[in-house]
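Chains X and A, in that order, give the protein sequences. The first sequence: position 346 = 346 (this note's numbering), numbered continuously. The second sequence: position 34 = 34 (this note's numbering), numbered continuously. Just so it is clear, CB atoms sit at the ideal spot from N, CA and C, and this is done for glycine as well. Everything numeric in this text was worked out from a predicted model, so none of it was measured.
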Amino acid sequence: MKRIRAWFLRITGIVPKQHQEQDFSDELASHLQMHIEDNLRAGMTAEQARREAYSKLGGVEHTKQAHREGRTIPFIDGVLQDLHYALRQLQRNPGFTVTAMLMLSLGIGASVAIFAFVDAALLKPLPYADPTRLVDVAERGASFSRSNLSYQDYEDWKRLNKSFSSLDVYSGGGYLYRTSSGVEPVPAARVSDGFFRTLGIHPMLGRDFYSGEDQQNAAATVILAYNTWIQRFGGRKDVVGQIISLDGVPTTVIGVLPPDFHFAPRGAAEFWTTTHQHNGCEKRRSCHNLFAVARLKDGVSVQAALMDVTAIAKQLEIQYPGSNRDQGAFVQPLSDLIVQDIRPILLTLLAGSALLLLIACINVSSLLLVRSEGRRREFAVRGALGAAPIRLIRQFITEGLVLVAAGTVVGLAAGYSLIRLLLSLFSKDMLSSMPYLSHLGFTPHILGFTLIIALLAAGIFSATPALRLPTTAMREALNDGDRGSAGTLWRRFGANLVVLELAIAVVLLVGAGLLGKSFYRLLHVDLAFDPNNLATLFVSLPATTYNKDELIVTATHKIIDQVSTFPGVTSVAITSVLPVSGNGNTDWIRVIGHPFHGEHNEVNEREISPDYFKTIHAQLLRGRFLTQQDDATRPRVTVINKAFADRYFPGEDPIGKKYGGGDLAPDSVKEIVGIVDNIRESALNEDIWPAEYKAHNQDADAFFALVVRTSGDAKSILPSLSAAVHQVDPGIGTLNELTMQQRIDDSQTAYLHRSAAWLVGGFAALALLLGIIGLYGVIAYSVSQRTREIGVRMALGAARGSVYQLILKEAGRLTVIGIVAGILCSIGAATFIRKLLFGTHSWDITTLAAVSLLLGLAALLASFIPARRAASINPVEALRAE
Amino acid sequence: MGDKTDVWQGTLALMVLKTLETLGPLHGYGIARRIEQTSGDLLSLNYGTLYPALLRLEQEGAIESEWGLSENNRKAKFYSLTRTGRRQLAHEARSWEQTTAILARFLAATGEPS
């Protein structure tokens, strides 16, 4: 008890010092005074009395020191003294302090922000039970290495496999959800009954699907996503058991998913239902619309599971040659599926931010080095006065720690803002496909990462100036004449650091240049249509009302007519899939009259209204476009793209030729009436595939996109599009009104490229700035060190020009070495970002040349200022100053 | 008596407490003087070592201090025993007596033939 009390007093004793110090001085003074008086009374001489009193005390300073140590904890007290001194030192050099802290917090902030994303996307385990055992299972088609699974294949895979403890499927889709204000299309997911059990997720309210609830005769049930529950049902507990209307079907709510549940492949799904009602596709083995997720049995590797299902797929291929030819299997860890797009970009950004941090650290170290150079005398004096080397080094370490601590705090704040900023750049759709980013924050991981960076930086900073403290050389520093050796180590060391800095800046600049160029190329790929002044909107006709093709066709015509009456609208059309959305939605074909051995001929399939090509300004190469007369009463016709013609009719005129499905079923046979240019159906960075455009009038679909060409800005018409559709029938669902240009700019590919280019560009700009500051610092310091030498040269008749030459030559040498090293490194580094490059080589000459030129010019500027200062040195003053 | 004995480890605090119990509030110099006198000048006390000991006792709550005037009107810091200090003194005195008694018994024992 009393020990604790004593320690507590000692710890608090660290703080108020002045008063206690004074108090004890007074006490000692009075002690001595009383002692001396007693001695005088005993008959000693004044001198004797004094001496005896002091000697009996055993030294005033000694006593004070013992008392001080008793009052506090000596080690901490020393640290505090160092800290106090360090703060005073930093305060005395606000320029140095602010620069160093700015650089540090910049580097730390950038690294922390990027690491937060890396952590959320790549490091944090998926929020499922034992996520490493979960795999993504799909088929391997001829055109897609990962393609959808057909329902019947799924049933066979599930029955025959020996690798999975469970295998469940999911598919996307949406429902028209009836609210009090009408119907609203809502994104949803359909899953097999064991889906959530496979993931290891339990509803937080209500129950999971029973097994068997995905069978044909099961009642319609739905589990709500957490946000749906909160936003649409006010978070009421009695929602379980409620009946809601999905696509006009009364459906019972049976549960609510937990708030942290997310499943990136079906990111925005609000409703989770079972596959109890098979759609037309699921009744055919040849129709592929599902993906599967499975849990591996203990001890089964992904590779073994792949071999297992591949063997099953082979067996099915023999059993069902008509539908399963060339359908292999595909298995990968679920985490790979979820992060595949973002991984290379995040790793690139992480590398970029690490390089930036490195530059920042180098700059701060060299600043410290310069400063320690300037403080050699101070330390020599302290050493000569008896300070142990360890104490001096501790001083450096303390100063380094103070800098790093402050830099880290500011850096964390900067990192936090940067995270917010980056998140705000994502569109809502992007975020729903990357739900793992929704809970981005300072997790223990991130704080740990920050701590590691801070410790590394602190290590570097306390080591750098300590390097400059060879104790033997300290005495020399006291001699005034010491000049020769002072700068050599610095020059060697500091100069190398600058070369490293410049090289890193080159790497980042080249990376940014390449990514920027890729992005430019991406946005300027040939679309073969005009995206300007196009407004788009998705339309969903409720299946309960529009249950016949004729009804759909009539409604479509009404919608087109209605929108056409809007002022400023020049042309209106529909398509089943908008351009630039990605290859897919394919049809398998067989050309009549061509030899056929069961080949897998896959083409993009689109259904369009007659005015579609005219509306998007696509160019007809041969034949004719579809017309209003191509309806259900007439033979089926199609327009194909140039890629189709080149691929399947080389050296032949396709017009008038007929083709159909793999089995040439009579209703699948179509006649080619026209060839259109290669409209970019794919994502911007994907290949052009053969494509067929069928008449919507002959092959109606209840879900389609409306495309509207306007004479003015397409944005102005967006708000009124839904209203126009609802005038035809308020029960029709509409969603996602955007201009075509917005769609292209916001497409995942464009977005990822743009963000990568901007971020790496930002890092590169900062790296350039820091590198140039570093070079400036080195040259300026070198000039200050050589003031006397330059003065002598000039006194001996050297012209100003030759002084310029002297300084610029040194800067030029460093710059050239830095640039050459940087170019070499960046060619190597660029191969790592090959995946992110589009239409650009990793050794793109123009980029390399531009970067070299930019850096060269910037370096020239940075070294010109100190060179000018050197040239304007007054020789007389320079000599006198020493 | 040429050699003086240094203060044994751990006994200084006990002497300080006892002195303060006997004489009441006293300043550092007075305590030092008193200890030397009581020892019959057999103890060699470095007066400076007294102050850390006083600080320690004060931190432990055994004594408290207050500025006051000395017998010849000089400003001095007076230390006095607290209740905790009294208890500590009683406790430590008892254990010290026990120790010395045991030691004395050892030293008094003479070898007896077995």
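In the segment 50-71 of chain X, which residues sit with their C-beta less than 7 Å from some C-beta in chain A, listed in chain order?
K56, L57, G58, G59, H62, T63, A66, H67, G70 and R71
Got a sec: is the Cβ-Cβ distance from W37 of chain A to anything in chain X below 9 Å?
The sequence shown places Gln at residue 37 of chain A, not Trp. It does not: the Cβ of Q37 of chain A has no partner Cβ on chain X nearer than 9 Å.
May I have the straight-line CA-CA distance separating T472 of chain X from G386 of chain X, to the nearest angstrom?
Bear in mind that a pLDDT of 45 at T472 of chain X, under 50, signals an unreliable position, so the number given afterwards is only what the model happens to contain. Each residue's Cα considered, the two are about 14 Å apart.
Which of helix, strand or coil does DSSP assign to V240 of chain X?
coil
Quick one: grab the DSSP three-state call for A109 of chain A.
coil
Look at the alpha carbon of H262 of chain X and the alpha carbon of Y436 of chain X, and state the distance between them as a whole number of angstroms.
7 Å
Under the rule that 16 or more other beta-carbon atoms within 10 Å means buried, what is I845 of chain X, buried or exposed?
exposed
Cross-strand partners of P185 of chain X (DSSP beta bridge)
X:L176
Let me check understanding here. Comparing Cα to Cα, which of X:D746, X:C281, X:G328 and X:E213 lies closest to K428 of chain X?
X:D746
Tell me whether L706 of chain X sits in a helix, a strand or coil according to DSSP, three-state version.
strand
Integer Cβ distance of I675 of chain X from P654 of chain X, believed to fall under 8 Å
6 Å
A76 of chain A by DSSP, collapsed to three states: which one?
strand
Look at the alpha carbon of N39 of chain X and the alpha carbon of A29 of chain X, and state the distance between them as a whole number of angstroms.
15 Å
Backbone secondary structure at R786 of chain X - three-state DSSP
coil
Keeping to the same chain, check which residues put their C-beta closer than 8 Å to that of A292 of chain X; ignore five residues upstream and five downstream.
D136, V137, A138, L149, Y154, W157, L167, D168, V169 and Y170
Flag E27 of chain X as yes if its beta-carbon sits less than 9 Å from any beta-carbon of chain A, otherwise no.
yes
Between F75 of chain X and chain A, is there a C-beta pair that is closer than 9 Å?
no
When DSSP labels each residue in this structure, what does W588 of chain X get in the three-state scheme?
strand
May I have a chain-ordered list of the beta strand (DSSP E) segments no shorter than 3 residues that lie completely inside the segment 574-657 of chain X?
586-588, 602-608, 620-623 and 637-641
Helix, strand or coil for H841 of chain X, going by three-state DSSP, please let me know.
coil
Would you list the one or two residues that DSSP bridges to Y416 of chain X?
Answer is none; Y416 of chain X lacks a bridge partner.
Kindly list, in the order they appear in chain X, the residues whose Cβ is closer than 8 Å to that of L55 of chain A.
H67, G70 and R71
Among X:T815, X:I223 and X:S301, which has the Cα closest to the Cα of I772 of chain X?
X:T815
Segment limits, alpha helix (DSSP H) that includes R834 of chain X
Looking at the DSSP string, R834 of chain X is not in any alpha helix (DSSP H), and its letter there is neither H nor E.
Minimum C-alpha distance to V603 of chain X - residue among X:V728, X:Y693 and X:H524:
X:Y693
Give me the DSSP bridge partner(s) of W96 of chain A.
None, per the DSSP bridge assignment.
Determine, for D23 of chain X, whether the minimum Cβ-Cβ distance to residues of chain A falls below 9 Å.
yes
Sort X:I460, X:L423 and X:R375 by Cα distance to L403 of chain X and report the nearest one.
X:I460
Using the rule of at least 16 other Cβ atoms within 10 Å of the residue's Cβ for burial, across every protein chain shown, is T11 of chain A buried or exposed?
exposed
Contacts that A42 of chain X makes with chain A (C-beta to C-beta distance below 7 Å):
Within chain A, no residue comes near A42 of chain X; the closest Cβ sits about 12 Å away, beyond 7 Å.
Using the beta-carbon count (16 or more within 10 Å), is D663 of chain X buried or exposed?
exposed
Please name the residue or residues paired with L537 of chain X in a DSSP beta bridge.
X:L706
L853 of chain X: which of X:S365, X:G812, X:L369 and X:A691 sits nearest, CA to CA?
X:G812
Just to make sure I have the definition right: I need the residues of chain X whose C-beta is within less than 8 Å of the C-beta of S70 of chain A. Which are they?
S30 and M34
Count the other CB atoms, across all protein chains shown, that sit within 10 Å of the CB of T110 of chain A; report buried if there are 16 or more and exposed otherwise.
exposed
Does A6 of chain X get closer than 9 Å to chain A when you measure Cβ to Cβ?
yes
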